[in-house]
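Down below is the structure, laid out as structure tokens.
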Amino acid sequence: MTDQTTLSFASKNAAADGVAVVFAEEGGKLTPSAQDLDKKTKGLLSKAAQITQFKGKKGSKVDLLAPQGVKFARVILMGTGKASAFTQDDWRNLGGTVRALLTGTEGANANVYLETVKGDPKPADVASFALGAKLRGYSFKKYKTETGKKAAKKPAEKTLKKLIVHCADPRAAGQAFGPNRAIVDGVNLARDLVNEPANVLGPAEFAQRAKALTKAGVQVEVLSEAALKKKGMGALLAVGQGSARPSHVVVMQWKGAGPRGGAPIAIVGKGVTFDTGGISLKPAGGMEDMKGDMAGAACVVGLMQALAERKAKVNAVGVIGVTENMPGGNATRPGDVVKAMSGRTIEVLNTDAEGRMVLADCLWYAQDRFKPKAVINLATLTGAVMVALGKEHAGLFSNNDQLSERLTAAGKETGEKLWRLPLGPKYDKLVDSKVADIKNTGGRWGGSISAAQFLQRFIKEGTPWAHLDIAGTAMAAGDTEINRSWGSGFGVRLLDQLIKDHYERR
Ligand code: BES
Ligand code: MN
Ligand code: ZN
Numbered sequence: 072m073t074d075q076t077t078l079s080f081a082s083k084n085a086a087a088d089g090v091a092v093v094f095a096e097e098g099g100k101l102t103p104s105a106q107d108l109d110k111k112t113k114g115l116l117s118k119a120a121q122i123t124q125f126k127g128k129k130g131s132k133v134d135l136l137a138p139q140g141v142k143f144a145r146v147i148l149m150g151t152g153k154a155s156a157f158t159q160d161d162w163r164n165l166g167g168t169v170r171a172l173l174t175g176t177e178g179a180n181a182n183v184y185l186e187t188v189k190g191d192p193k194p195a196d197v198a199s200f201a202l203g204a205k206l207r208g209y210s211f212k213k214y215k216t217e218t219g220k221k222a223a224k225k226p227a228e229k230t231l232k233k234l235i236v237h238c239a240d241p242r243a244a245g246q247a248f249g250p251n252r253a254i255v256d257g258v259n260l261a262r263d264l265v266n267e268p269a270n271v272l273g274p275a276e277f278a279q280r281a282k283a284l285t286k287a288g289v290q291v292e293v294l295s296e297a298a299l300k301k302k303g304m305g306a307l308l309a310v311g312q313g314s315a316r317p318s319h320v321v322v323m324q325w326k327g328a329g330p331r332g333g334a335p336i337a338i339v340g341k342g343v344t345f346d347t348g349g350i351s352l353k354p355a356g357g358m359e360d361m362k363g364d365m366a367g368a369a370c371v372v373g374l375m376q377a378l379a380e381r382k383a384k385v386n387a388v389g390v391i392g393v394t395e396n397m398p399g400g401n402a403t404r405p406g407d408v409v410k411a412m413s414g415r416t417i418e419v420l421n422t423d424a425e426g427r428m429v430l431a432d433c434l435w436y437a438q439d440r441f442k443p444k445a446v447i448n449l450a451t452l453t454g455a456v457m458v459a460l461g462k463e464h465a466g467l468f469s470n471n472d473q474l475s476e477r478l479t480a481a482g483k484e485t486g487e488k489l490w491r492l493p494l495g496p497k498y499d500k501l502v503d504s505k506v507a508d509i510k511n512t513g514g515r516w517g518g519s520i521s522a523a524q525f526l527q528r529f530i531k532e533g534t535p536w537a538h539l540d541i542a543g544t545a546m547a548a549g550d551t552e553i554n555r556s557w558g559s560g561f562g563v564r565l566l567d568q569l570i571k572d573h574y575e576r577r
């Protein structure tokens, strides 16, 4: 659930109680607000720092409980290392680290005095700090009941009510944070969708959650299975035909740049609400993770909501294919040949290589209908991308150097990092089929690349296109300072940044 704590910005001398967080840098040098608290507590803070050999190192802290001379029930002195050299990533991470310390047990309010030794951070830095704090505040507790035996014995959990960031220019900080509220909501929506189990979130339920974006001003169409048949989306339908639940395509349009904004940017997502592998059944161990095989689609929904909520001056269209890959009497068999919307025939060698089939039709549909100025797709497409890049970078494939560089730069800015992998004619040959136009697996080596080559066969000549393989980064990506959720919401901040930098009308 999204963080229930309300965030506000205030001046440094505003009345405050509860818990205070102040900072120290390299060598244990206190910021002005920390010095002030030190004075008011008659040197308690610096004494405690000395006793614990606190040197202001990043991540280290001094914790004072019930100090005399101040209204605070607790004062935390956080080390930041060299805050004057902080990047936006560092400010975000600091926000996450601080947020994790604030449990609400000291009172309803937490007060953070955001300063460096050299002076006040810029409003953008304060906004990044707050973004990190809000993202860290997320947790998925929907299925933890109060009546659970263990919970009944425990006292009701305290939660933090108010997070107040005290800074030099609270108005400017609030303004700089404005769009970040939309981004937090978008990321948390994506996380909620990825975390939701597949019994609750099938294709129809997913489509309904996307439909709710109507409220934010997004035009949403949910295409029925009959409509997909009519359009000839045989690749996508082949994936869902073993499931009792019908497949859908959802189209989301945000026209923030108006008619003069020209052609939209299209974002396409893989939305396999559960991937059993189909007849090419996956092994049991770890299969539960495949509830997150719709993380690409979740990112598209989260992004579209964020764009609408922050009223981005961009024309953007989101297209997602939502379907469930199940074995069954009607399921696609290995060896089957199906026809994609583009007219190409696909030999299905492995029903577990289903994501590329879903995307084949969604990519084609998006280009055919919207003539977009660029297409970016996101998918938890291959296990192989984790073998190549681990969980630190998502795989980036593109037919366009400029788009690729822009995405890489947005990745560095947001901390949602990308690493470009190659495409080329030799790799393309790997997906040639003996019986059809193309086959859905390219063999053992370079599995992420042959998957990307498959997708590229459904990209029209001249369309700038990028494929992000987010299998390693969108779920179970490991703990970070700003994320402790299994579903990370990867991609929302990345693409929001790309759009802000290059696709918005000024
Ligand atoms: N959804 C999986 C990829 C995946 C695996 C994502 C693990 C996240 C964690 C995808 O549909 C898949 O099964 N890919 C196969 C392709 C193979 C059959 C060519 C894979 O990666 O093994
Ligand atoms: Mn699969
Ligand atoms: Zn899959």
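Using my numbering, the first residue of the sequence shown is number 72, and each one after it goes up by one. Virtual Cβ for every residue (Gly too), placed ideally from N, Cα, C. From a predicted model like this one, the values you see are computed outputs, not experimental measurements.
Note to self: Measuring straight from C-alpha to C-alpha, what distance separates H464 and F94?
What the structure shows: Start at 1 with the first residue of the sequence shown, and residue 464 comes out as number 393. Start at 1 with the first residue of the sequence shown, and residue 94 comes out as number 23. Taking the Cα positions, H464 is about 31 Å away from F94.
Check: E425 C-beta below 7 Å from any heavy atom of ligand 5: Judged by which ligands are present, ligand 5 is missing from the structure shown, whose ligands are ligand 1, ligand 2 and ligand 3.
If we ignore side chains and look at the alpha-carbon of each, how far apart do D109 and L173 end up?
Against the sequence shown, residue 109 aligns to sequence position 38. Against the sequence shown, residue 173 aligns to sequence position 102. Between the alpha carbons of D109 and L173 lies a distance of about 21 Å.
Checking 8 Å against the spacing of the C-beta atoms, do S155 and K189 come in under that value? Residue mapping note: residue 155 aligns to position 84 of the sequence shown, counting from 1. Residue mapping note: residue 189 aligns to position 118 of the sequence shown, counting from 1. Between S155 and K189, the CB-CB gap stays under 8 Å.
Throw me the rounded Cβ distance for the R381 and A253 pair, which I believe falls under 8 Å. Counting from one through the sequence shown, the residue named residue 381 turns up at place 310. Counting from one through the sequence shown, the residue named residue 253 turns up at place 182. Between R381 and A253 the beta-carbon gap is near 4 Å, inside 8 Å, which marks them as a contact.
Q: Give the range of the alpha helix (DSSP H) segment to which V339 is assigned.
A: Sequence index remark: in the sequence shown, residue 339 carries index 268 (1-based). Judged by DSSP secondary structure, V339 falls outside any alpha helix (DSSP H) and instead within the beta strand (DSSP E) spanning I336 to D346.
Using a Cβ-Cβ cutoff of less than 6 Å, which residues in the same chain neighbour D364 once the five nearest sequence positions on both sides are dropped? Sequence index remark: in the sequence shown, residue 364 carries index 293 (1-based). Correct list, in chain order: V343, D346 and T451.
(message) Quick check: G257 and G373, are their CB atoms within less than 8 Å of each other?
(response) The sequence position of residue 257 within the sequence shown is 186, counting from 1. The sequence position of residue 373 within the sequence shown is 302, counting from 1. Their beta carbons are under 8 Å apart, which means G257 touches G373 by this criterion.
By a C-beta neighbour count over all protein chains shown, 10 Å radius and 16 as the cutoff for buried, is Q568 buried or exposed? In the sequence shown, the residue the question calls residue 568 occupies position 497. If you draw a 10 Å sphere on the C-beta of Q568, you find 16 or more other C-beta atoms in it, and that means buried.
task: Whole angstroms is fine: what's the gap from L115's alpha carbon to L135's?
output: Start at 1 with the first residue of the sequence shown, and residue 115 comes out as number 44. Start at 1 with the first residue of the sequence shown, and residue 135 comes out as number 64. Looking at the two C-alpha atoms, the distance is approximately 8 Å.
field: N-terminal and C-terminal residue of the beta strand (DSSP E) that E45 is part of
entry: Nothing in the structure corresponds to residue 45, since the chain is present only between 72 and 577.
Count the C-beta pairs between the segment 470-488 and the segment 392-409 that are closer than 8 Å, then say yes if the count reaches three, no if not.
Contact between the segment 470-488 and the segment 392-409 is absent, with fewer than three C-beta pairs closer than 8 Å.
* Asked: If you count every other CB in all the chains shown that lies within 10 Å of the CB of L352, and 16 or more means buried, which is it?
  -> Position 281 of the sequence shown, counted from the first residue, corresponds to residue 352. Per the 10 Å Cβ criterion, exposed.
**OP:** Give a yes or no on whether the C-beta atoms belonging to G89 and A179 are separated by under 8 Å.
**Re:** Position 18 of the sequence shown, counted from the start, is the residue given in the question as residue 89. Position 108 of the sequence shown, counted from the start, is the residue given in the question as residue 179. Contact check for G89 against A179 passes: the beta carbons are separated by less than 8 Å.
Report whether the distance from the Cβ of D364 to the nearest heavy atom of ligand 3 is below 7 Å.
For the purposes of this step, residue 364 is identified with residue 293 of the sequence shown, where counting begins at 1. When distances are taken from the beta-carbon of D364 to the heavy atoms of ligand 3, the shortest one is below 7 Å.
Inset, instruction - Classify N448 as buried or exposed, calling it buried when 16 or more other Cβ atoms lie within 10 Å of its own Cβ. - result: Numbered from 1 along the sequence shown, position 377 holds the residue referred to as residue 448. By the neighbour-count rule (16 or more Cβ atoms within 10 Å), N448 is buried.
- [ ] Look up N164 in the DSSP assignment and say whether it is helix, strand or coil.
- [x] Reading the sequence shown from its first residue, position 93 is the one you call residue 164. The answer is helix: DSSP assigns N164 an H, G or I state.
Selection from Q246, A281, A542 and N386 that minimises the alpha carbon distance to L467 | One-based indexing of the sequence shown puts residue 467 at position 396. Answer by Cα proximity: A542.
Distance, V408 Cα to R316 Cα: One-based indexing of the sequence shown puts residue 316 at position 245. One-based indexing of the sequence shown puts residue 408 at position 337. A direct Cα-to-Cα measurement between R316 and V408 gives close to 22 Å.
Item to check | Closest residue to L565 among R477, E186 and Q324 (Cα-Cα distance) | outcome: Locating residue 565 in the sequence shown gives position 494, where the first residue counts as 1. Among R477, E186 and Q324, the Cα nearest to that of L565 is on R477.
Tell me whether T416 sits in a helix, a strand or coil according to DSSP, three-state version. As a first step, residue 416 is located in the sequence shown; it is residue number 345 there, counting from the start. DSSP places T416 in strand when its eight states are reduced to three.
| request: Spell out a yes or no on whether the segment 500-514 and the segment 405-422 are touching, meaning 3 or more CB-CB pairs, one atom from each, closer than 8 Å. | output: In this structure the segment 500-514 touches the segment 405-422; the number of beta carbon pairs closer than 8 Å is three or more.
Decide if the segment 301-308 is in contact with the segment 545-552; the criterion is three or more beta carbon pairs, one per stretch, under 8 Å apart. The segment 301-308 makes no contact with the segment 545-552; the number of CB pairs closer than 8 Å stays below 3.
Alpha carbon to alpha carbon, how far is L460 from A366?
-> Looking up residue 460 in the sequence shown gives position 389. Looking up residue 366 in the sequence shown gives position 295. In this structure, the straight-line span from the alpha carbon of L460 to that of A366 is close to 18 Å.
Report task. Using a threshold of 8 Å, state whether the C-beta atoms of G208 and D74 are closer than that. Result -> On the sequence shown, residue 208 is found 137 positions in, with the first residue counted as 1. On the sequence shown, residue 74 is found 3 positions in, with the first residue counted as 1. The beta carbons of G208 and D74 sit closer together than 8 Å.
Just to confirm, are A198 and F248 a CB contact at a threshold of 8 Å? On the sequence shown, residue 198 is found 127 positions in, with the first residue counted as 1. On the sequence shown, residue 248 is found 177 positions in, with the first residue counted as 1. Between A198 and F248, the C-beta spacing is below 8 Å.
Taking 7 Å as the cut-off, does the CB of N396 come closer than this to any heavy atom belonging to ligand 2? The residue given as residue 396 occupies position 325 in the sequence shown. For ligand 2, at least one heavy atom lies less than 7 Å from the Cβ of N396.
#### Entry: Backbone CA spacing between G130 and E487 [nearest angstrom]
As a working note, residue 130 is residue 59 in the sequence shown. As a working note, residue 487 is residue 416 in the sequence shown. Between G130 and E487, the C-alpha separation is close to 22 Å.
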